[in-house]
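Undergrad:
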Amino acid sequence: MVDVILRDVDPAKLPEIIKLLEPTKPELLEVPQPTWTVDEAEQLFRDLRASALQLLRELVRRGGRVEADVMRGPEGDQSLRGLTGPITKAMTRLERAGRVREGLEHPVRAEYDPEIRSYQRALAFTMPDELLPTFTIALQQIEEG
């Protein structure tokens, strides 16, 4: 944010000056967030290991939502720690290597009960709807290749 201080200005001229300070094309001020390409999604799949890769695969196969109990396993004893962190780290590694662009949206979100304010276990993992087609194609290409 910028503060503009006007001194010794004719009060009659203030409306004109203020109008000059307003952006004329707001779309030029907003930088759109980049969206994932199939190649970038494929790079992420190939960079991930075991549990984080399994989470991403399950999200794609299940249409963008995986109940946390699925990831906890049949006995419910598998920890969910370390599922999303490796995805974040892989994205950072790939950005530094120039294999994905900076600013891409994280493809996985943990879902929690909004009514509970204290520590709680995740209810589910989701993938934003707009990312699902791209990640689906990327996974198909990997599995076919």
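Letter 75 of the sequence shown, counting from 1, is numbered 76 in the numbering used here, and no numbers are missing. In this text, a Cβ means the ideal position worked out from N, Cα and C, and glycines have one as well.
Count the other CB atoms within 10 Å of the CB of residue 85; is the residue buried (16 or more) or exposed (fewer)?
TA: Taking the sequence shown and counting its residues from 1, one reaches residue 85 at position 84. The residue is buried, with at least 16 neighbouring Cβ atoms inside 10 Å.
Undergrad: Less than 9 Å between the C-beta atoms of residue 63 and residue 143, yes or no?
TA: Residue numbering aside, residue 63 sits at position 62 when the sequence shown is read from its first letter. Residue numbering aside, residue 143 sits at position 142 when the sequence shown is read from its first letter. Not closer than 9 Å, so no.
Undergrad: For residue 43, count neighbouring C-beta atoms within 10 Å of its own C-beta (all shown protein chains included) and say buried if the count is 16 or more, exposed if not.
TA: Within the sequence shown, residue 43 is the residue found at index 42, counting from 1. Counting Cβ neighbours within 10 Å, residue 43 comes out buried, since at least 16 surround it.
Undergrad: Suppose only complete runs of 4+ residues qualify. What are the alpha helix (DSSP H) ranges in the stretch 31-93, listed by chain order?
TA: Qualifying alpha helix (DSSP H) stretches, in chain order: 39-48, 51-62, 69-73.
Undergrad: Please identify the residue among 118, 101, 16, 53 whose C-alpha is closest to the C-alpha of residue 88.
TA: As a working mapping, residue 88 is identified with position 87 in the sequence shown. If we check each option's Cα against that of residue 88, 53 comes out closest.
Undergrad: According to DSSP, is residue 125 part of a helix, a strand, or is it coil?
TA: Position 124 of the sequence shown holds residue 125. Strand, per DSSP.
Undergrad: Tell me whether residue 108 is buried or exposed, calling it buried when 16 or more other Cβ atoms sit within 10 Å of its Cβ.
TA: Within the sequence shown, residue 108 is the residue found at index 107, counting from 1. So residue 108 ends up on the buried side.
Undergrad: Beta strand (DSSP E) containing residue 139: first to last residue?
TA: Here residue 139 refers to the residue found at position 138 when the sequence shown is read from its first residue. Note, residue 139: premise wrong, no beta strand (DSSP E); alpha helix (DSSP H) at 133-145.
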